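Report on the structure given below.
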Amino acid sequence: MTTFFGPTETTCSPLDNGGFVLRSTQPLAEYAPRITDYLLAWVQKAPEQAFLSQRDEAQAWQHLTYEQALMQARSVGQFLLDKGCDAHNPLLILAENSLATASLLLGALYVGVPVAPVSPAYVSQKGAHDKLKVCVDTLKPRVAYVGQTDWVGQLVQVCDLPLQVITPEAVPGHTALDVVLSTGPTHAVVQANAKVGPDTVAKYLFTSGSTGAPKGVNNTHRMLCANQQQLRQIFPFVLERPPILVDWLPWHHTFGGNEVFFLAMCNGGTLHIDQGKPVGSLFEQTITNLREISPTIHFNVPLAFHQLVVRMRDDSVLRESFFRRLDLMFYAGAGMPQQTWSDLEALAELVRGHRVPMVTAWGATETAPLATGVFFESHRADNVGIPVPGCEIKFAPVDGRFELRVRGPNVMPGYLGRSDLTARVFDEEGYFCSGDAASLADESEPSKGIIFEGRISEDFKLHSGTWVSVGRLRGLLMGELLPLVSDVVIAGQGRDRLGLLVFLDTGVARRHVGQNDLNYAALAHHPAIHEYVCAAIARHNAMHPGSATRIDCYAIPTDPPSAVAREITDKGSLNQANVLSHRTKVVQEMFGDEAD
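According to my numbering, the stretch in the sequence shown is residues 46 to 641, in order.
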């Protein structure tokens with residue numbers, strides 16, 4: 046019989062400073078020294094199994110088998126070696142998720158060349174070129190793959206060194222992808238692969254730069270392999286039921302690029318690349334894919350799960366397809382509103398007659414990403430689980446709260462070229478300091494989980510000196526405001542009271558007022574919308590009347606969050622600081638221009 050979840054027994058060791066350390070009693074089992082060893086293993090077991098699938102221009106699925114992936118990786122590896130790439134000369138990838146991107150990524154990993162996926166938003170969004178230049182200056186790449194030919198000039202413009210550019214099609218002065226994939230591998234590829242070890246840098250993943258310049262995080266093969274073994278031990282069912290995934294999460298982020306991509310590869314699964322995303326009309330592609338492909342595990346951000354709930358209520362084909370063989374739903378990247386959680390449970394019961402487990406985890410780019418996970422029955426959206434095997438979680442007292450700190454084989458050795466930053470993010474015992482606040486769900490029983498309380502840097506004090514826990518408060522508010530509201534931003538730093546910027550789900554709002562032709566600004570002024578929001582805030586205030594939780598005023602901006610203004614992250618969540626900075630006038634009017 047397949048075991049679904051791994052053992053959850055957790056120990057708690059007190060510290061002299063009032064903190065404590067949590068550890069799993071389950072030891073971390075042996076794992077491969079190179080992440081590409083798992084690709085080799087599945088070539089032996091199931092060479093014709095589809096590893097990756099992507100729709101072509103005619104919307105037909107094109108597949109890359111495990112054997113084809115290895116062959117292409119070896120060709121890419123030879124090309125990179127020929128161009129002088131090595132452990133100190135990385136491959137930069139500036140592209141969306143695709144079969145081509147995967148082949149280039151795997152080729153670099155195979156021969157020990159660090160691969161650095163950089164967010165396409167740094168070329169597609171106005172004003173983001175400064176971040177692209179930071180990435181390029183940090184990496185100093187010899188070779189780059191650019192997924193759209195009109196991005197080439199922008200990349201070359203910020204690169205001060207000679208750069209060999211690979212493009213999807215033939216472009217004068219650059220190398221076409223077909224040329225790379227037709228390169229004949231030599232014994233040099235075998236030799237380079239043999240030199241790759243656990244401490245070889247596999248990737249440089251850049252933090253989003255939402256609070257400063259992007260930082261290049263060294264991701265070693267040890268980190269990636271340890272993290273996949275940790276996933277296997279908390280979700281052992283993947284060893285017997287290779288995952289079928291439909292996924293859009295970007296590979297330049299740790300969630301999509303490490304956890305999801307390698308979960309499929311390491312366990313003989315198939316990852317269907319979803320070229321949609323939970324943004325406007327692009328979500329229609331996701332709906333089309335999920336109506337056709339039934340996943341066994343579905344990874345996503347809370348915003349997308351909310352949008353799925355809205356669509357599945359009225360679309361029985363989508364609902365049946367989504368839940369037909371679903372073993373697990375997994376969210377990360379932001380807090381899940383409790384209402385969305387409850388709605389998903391109800392829809393699962395409608396299709397399957399029982400709930401499908403909803404889980405999450407906690408971690409960071411610096412932890413590969415998994416550090417804790419929910420691998421037990423939980424119905425609290427803010428519970429991020431317990432330490433995964435081999436990972437130690439320290440609760441360090443900071444300003445009356447506990448900061449989560451991590452030590453284990455999945456933790457980075459440091460930031461690329463920034464020894465100063467590296468020194469600052471590790472404490473005296475070698476724990477990575479995450480900057481996230483948390484508490485125990487049950488102080489007498491640590492195995493019941495960790496309650497995530499948001500970023501310490503996002504929390505702020507009222508004029509009275511009272512701390513406001515932004516992450517926790519947002520979750521409480523969204524539980525009342527869904528489904529009409531897509532997200533909120535909390536304001537009030539240095540003030541005597543709290544205010545709320547409210548952003549609408551346009552489709553739900555139109556249905557609520559019964560007028561499908563209203564634009565966003567008209568909805569923001571509609572009396573029925575304000576009646577709904579006022580009632581929701583009143584319910585919240587009745588249950589949470591304290592000064593650090595009570596909302597005294599709100600505003601609905603007349604335009605939705607802007608990606609151009611960097612109010613929306615690549616994962617679809619809101620950047621609170623950027624929203625408040627961009628909408629200073631709205632905030633001032635909301636508070637009646639009272640002094641900060």
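Glycine residues also receive a C-beta, built at the ideal position from the N, C-alpha and C atoms.
Note that the structure is predicted; figures quoted are calculated from it, not measured.
Bounds of the alpha helix (DSSP H) holding Ala393 are 383-397.
Counting of Cβ neighbours within 10 angstroms places Val362 among the exposed residues, the total staying below 16. Inter-segment contact for the segment 183-191 and the segment 88-97 is absent: fewer than three beta-carbon pairs are separated by less than 8 Å. The alpha carbon of Leu527 has as its nearest neighbour, out of Asp541, Val578, His508, the alpha carbon of Val578. According to the DSSP secondary-structure assignment, Asp205 is paired through a beta bridge with no residue. Closest in C-alpha terms to Gly380, from the list Ala349, Lys506, Ser592, comes Ala349. Comparing alpha carbon positions, the residue from Val553, Phe282, Arg595 closest to Phe49 is Phe282.
Under the 10 Å beta carbon count, Gly475 is surrounded by fewer than 16 other beta carbons and is classified as exposed. Cβ neighbours of His585 within its own chain (closer than 7 Å, five residues either side excluded): Leu521, Leu522, Glu525, Ile596.
Separation of Pro347 and Pro382 (C-alpha to C-alpha, rounded to the nearest whole angstrom) is 7 Å. About 7 Å separates the Cβ atoms of Val168 and Leu200, confirming a contact at the 8 Å cut-off. Distances from the CA of Ala161 to each of Ala114, Asp175, Ser143, Val181 were compared; the closest alpha carbon is that of Val181. Counting only runs of 3 or more residues that sit fully inside the segment 549-619, the beta strand (DSSP E) segments are 596-600, in chain order. In the DSSP assignment, Lys322 forms no beta bridge with any residue. In the pairwise beta carbon analysis, the segment 333-343 is classified as touching the segment 310-321: at least three pairs are separated by under 8 Å. In the same chain as Val354, and ignoring 5 residues on each side of it, the C-beta atoms closer than 8 Å to its own belong to Thr385, Asp388, Leu389, Leu392, Pro528, in chain order. The alpha-carbon of Ala583 is positioned some 25 Å away from that of Ile496. Taken through DSSP and simplified to helix, strand or coil, Trp512 comes out as strand.
Separation of the CB atoms of Phe636 and Gly544 is rounded to 6 Å, and the pair is thereby assigned contact status at 8 Å. If you ignore the 5 residues before and after Gly480, its C-beta comes within less than 8 Å of the C-beta of Glu448, Arg500, Ile501, Ser502, all in its own chain and listed in chain order. Distance from the Cα of Ser607 is smallest, within the candidate group Ala580, Tyr565, Thr594, for Tyr565.
Nearest to Val451 by alpha-carbon distance, out of Asp444, Glu214, Gly435, Leu461, is Gly435. Straight through space, the alpha carbons of Met588 and Lys506 are spaced by roughly 21 Å. Residue pairing by DSSP puts Cys478 in a beta bridge opposite Arg450.
Residue His298 holds the alpha-carbon nearest to the alpha-carbon of Glu411 among His298, Met357, Phe280, Ile211. Within the DSSP secondary-structure output, Trp407 pairs in a beta bridge with Thr417.
Sequence-distant Cβ neighbours of Asn312 in its own chain, meaning closer than 7 Å and more than five residues away, are Val283, Leu284, Pro287, Pro288. DSSP places His351 inside the alpha helix (DSSP H), whose first and last residues are 347-359. When secondary structure is reduced to three states using DSSP, Asn62 falls in the coil class, being assigned neither helix nor strand. Annotation for Asp532: no alpha helix (DSSP H) segment contains it, though the beta strand (DSSP E) segment containing it runs 530-536.
Assigned with DSSP and collapsed to three states, Val241 falls in coil, not helix or strand.
In this structure, the beta-carbon distance from Gly64 to Ala441 falls below 7 Å. Selection Trp106, Thr629, Ala622 evaluated against Pro602 yields Thr629 as nearest (Cα-Cα). For Thr110, the enclosing beta strand (DSSP E) starts and ends at 106-110.
In this structure, the straight-line span from the alpha carbon of Asp372 to that of Met403 is close to 9 Å.
Straight across, the Cα-Cα distance linking Gln621 with Val534 is about 6 Å.
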